[in-house]
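One structure is given here, and the rest of the page talks about it.
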Amino acid sequence: MNRRSLLKNLSITFGSTLVSTEVIAKLAEDTYSYDIPTPSLHQSVAKPITVITLGAGSRGTVYGNYAAAFPDQLKVIGVAEPNTFRNDRYAKKHQIADTHRFNTWEDVFKQPKLADAVIISMPDDLHYEPCMKALSMGYDILLEKPIAPTEKECRDILALAKKTGRIVAVCHVLRYAPYFVKMKELIAKGAIGEVISIQHFEPIEHTHMAHSYVRGNWHNSKTTTPIILAKSCHDLDIIKWVINKRSQKIVAMGDLKWFRKENAPQGSTARCTDGCAVERTCPYSAIKEYIDRNSRTFVLDIPENVNDRKAAIREKLETTNYGRCVYRMENDQPDHYVTSIQFEDSVTANFSMEAFTAYHGRRTRIMGSMGDLVGDMTELVHHDFITRKETKFIPKAEDVEGYKNSGHGGGDWMLVRDFVQAVSQRDPSLLTSTIDDSIESHIMGFMAEKSRKEGKVMAVKL
Ligand SMILES: NC(=O)c1ccc[n+]([C@@H]2O[C@H](COP(=O)([O-])OP(=O)(O)OC[C@H]3O[C@@H](n4cnc5c(N)ncnc54)[C@H](O)[C@@H]3O)[C@@H](O)[C@H]2O)c1
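9 is the number of the first residue of the sequence shown in our numbering; add one for each residue after it.
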């Protein structure tokens, strides 16, 4: 028996009620390491749930990896992906029959229903139509966020999901991360009394901003979704979910200040590989990011067995957006964005998304009448105003058995685990991010963007 199950079996209880219910190990005085026990309603899965992945890029790969790790729970039996490199790689990994390999999502739905569910992990503008089609054909759906690019489309999907009775899990993966699960549990237990206000901060990290929102897939809000949805619908969602209050009003400000043509340094060129005179001193150099640091190269589709990896990456920098100067893109996503939200019961929240940080990892402070919580996703510190005691909670997301390498603080795979349970038991309540539950934070996002553009305070109406 390992340490984890030993602790579980002994039902060890430490001190106060705040730390008595979970599988927990004490590391030092008032510092606890914990993971979240498997929900009691989970059952062994009689037959693996079968899925077809629509979009075998980064996210499709993450969810597919769960199936590869837990074949008794989930089996990928089909893929739709126009990029042949990705289609081949995915089909090989999941041993998908040629008859179930498709070029595009439309081809899947020309066939009779082939699987229990589909994973929709295509670009933001390819969520709505496939989701509506999948629902009408009786598929359950693991749907990447954002649900869809417009409020009307989100509401259409919700209405059809209700009408058809299918399960739609929105990939609000933070809701499944042990760190945020603990935060919500502490608040529900009254650990800080009445919640009064929240400060939530998402530091994107400057090179991540350049990669995804200046050069990458989400650089143009009109062809994808505004950054408040593309990046920060997670944040609006997690604030709302953790405090369990309805949002009432939202106001937002923010702009694209730095990654603009007028800020291009003298001597810079269209691509970092064009002999740019300032490339070595530019913090956003694509050569430094993708070749020197070998960072974020997954998007470049470099074969594993390539002879000269650096040359192969350089060739991609010479031909794709990932090698272009950050000051000369067709980008329009704000690089700083602040939002204030009024919730019911006079609770207020401030949220700030920032591109220009050296670090990433969401930071949250929640202020209550009897205490406060301060966390950075690696630890959560509770202060009790009555006892003046400080207690530290450290999530064991990285070493939860069987969930190694799962992203978003452990949330990515925990979501898939719960999705499998919900589909196999035909019970959406086993999910914490059903479409019904996720629509509000999307409306908050649409209203924030309207507020930012029109300079008005917007009501959030469900
Ligand atoms: N939950 C999260 O935390 C999270 C994180 C990142 C991205 N996302 C969302 O997940 C989705 C996918 O993002 P990603 O990073 O995996 O992007 P990606 O570009 O890596 O993957 C998308 C894939 O869809 C494929 N595709 C395009 N058109 C298609 C079609 N007609 N039929 C089938 N496949 C098609 C593309 O070729 C690509 O491989 C986006 O909506 C994104 O906003 C969510």
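Every residue gets a Cβ at the ideal spot worked out from N, C-alpha and C, and that includes glycine.
According to DSSP, simplified to helix, strand and coil, what is residue i?
{"i": "Lys100", "result": "helix"}
{"i": "Asp316", "result": "coil"}
{"i": "Tyr292", "result": "coil"}
{"i": "Ser255", "result": "strand"}
{"i": "Lys265", "result": "coil"}
{"i": "Met5", "result": "A query on residue 5 cannot be resolved here, the shown segment of the chain reaching from 9 to 470 and no further."}
{"i": "Val286", "result": "coil"}
{"i": "Ala272", "result": "coil"}
{"i": "Leu49", "result": "coil"}
{"i": "Asp148", "result": "strand"}
{"i": "Ala156", "result": "coil"}
{"i": "Ala366", "result": "coil"}
{"i": "Ala123", "result": "coil"}
{"i": "Ala76", "result": "helix"}
{"i": "Ala36", "result": "strand"}
{"i": "Ala167", "result": "helix"}
{"i": "Ala177", "result": "strand"}
{"i": "Ile310", "result": "coil"}
{"i": "Ala142", "result": "helix"}
{"i": "Asp300", "result": "helix"}
{"i": "Glu323", "result": "helix"}
{"i": "Asn339", "result": "coil"}
{"i": "Lys248", "result": "helix"}
{"i": "Leu26", "result": "helix"}
Relative to the C-alpha of residue i, which candidate in the options has its C-alpha closest?
{"i": "Val59", "options": "Ile44, Asp38, Ser52, Ala99", "result": "Ala99"}
{"i": "Thr327", "options": "Asp282, Lys160, Glu338, Phe454", "result": "Asp282"}
{"i": "Val424", "options": "Tyr40, Val31, Gln81, Phe454", "result": "Gln81"}
{"i": "Leu182", "options": "Tyr330, Glu152, Lys230, Glu137", "result": "Glu152"}
{"i": "Lys171", "options": "Ile57, Thr356, Gly146", "result": "Gly146"}
{"i": "Arg434", "options": "Ile57, Leu35, Pro47, Ile206", "result": "Ile57"}
{"i": "Phe393", "options": "Lys257, Asp380, Phe267", "result": "Asp380"}
{"i": "Ile200", "options": "Asp426, Met378, Gln429", "result": "Met378"}
{"i": "Lys118", "options": "Ala142, Ala105, Asp106", "result": "Ala142"}
{"i": "Leu194", "options": "Asp426, Leu388, Lys469, Glu448", "result": "Leu388"}
{"i": "Phe359", "options": "Val314, Cys241, Lys55", "result": "Cys241"}
{"i": "Ala156", "options": "Glu462, Gly463, Ala467, Ser449", "result": "Ser449"}
{"i": "Thr365", "options": "Pro211, Ala272, Tyr40, Asp132", "result": "Pro211"}
{"i": "Ser48", "options": "Gln429, His108, Phe454, Glu462", "result": "Gln429"}
Could you tell me whether the Cβ atoms of residue i and residue j are closer together than 8 Å?
{"i": "Gly417", "j": "Met385", "result": "yes"}
{"i": "Thr61", "j": "Ser129", "result": "yes"}
{"i": "Lys192", "j": "Val116", "result": "no"}
{"i": "Leu150", "j": "Cys179", "result": "yes"}
{"i": "Ala75", "j": "His102", "result": "yes"}
{"i": "Val189", "j": "Ile374", "result": "no"}
{"i": "Lys340", "j": "Lys265", "result": "The sequence shown places Asp at residue 340, not Lys. Not a contact, by the Cβ cut-off of 8 Å."}
{"i": "Ile310", "j": "Ile295", "result": "no"}
{"i": "Ala238", "j": "Pro154", "result": "yes"}
{"i": "Lys248", "j": "Arg336", "result": "no"}
{"i": "Leu35", "j": "Ile299", "result": "no"}
{"i": "Arg370", "j": "Phe209", "result": "yes"}
{"i": "Glu312", "j": "His227", "result": "no"}
{"i": "Arg460", "j": "Ala260", "result": "yes"}
{"i": "Arg94", "j": "Ala64", "result": "yes"}
{"i": "Val203", "j": "Val314", "result": "no"}
{"i": "Ala33", "j": "Val431", "result": "no"}
{"i": "Val465", "j": "Lys253", "result": "no"}
{"i": "Ala363", "j": "His214", "result": "yes"}
{"i": "Tyr184", "j": "Asp426", "result": "yes"}
{"i": "Lys400", "j": "Tyr40", "result": "yes"}
{"i": "Ile165", "j": "Cys139", "result": "yes"}
{"i": "Leu26", "j": "Lys197", "result": "yes"}
Give me the DSSP bridge partner(s) of residue i.
{"i": "Arg332", "result": "Arg279"}
{"i": "Asn358", "result": "Gln207, Ser348"}
{"i": "Phe110", "result": "Ala88"}
{"i": "His390", "result": "Leu381, Thr399"}
{"i": "Val31", "result": "Asp43"}
{"i": "Met466", "result": "Ile258"}
{"i": "Lys83", "result": "Thr58"}
{"i": "Ile128", "result": "Leu62, Leu151"}
Whole alpha helix (DSSP H) elements within the segment 398 to 460, 4-residue minimum = 419 to 433
Where in the segment 182 to 246 do unbroken runs of the alpha helix (DSSP H), each at least 4 residues long, occur, reported from the N-terminal end onward?
-> 186 to 196, 214 to 217, 235 to 238
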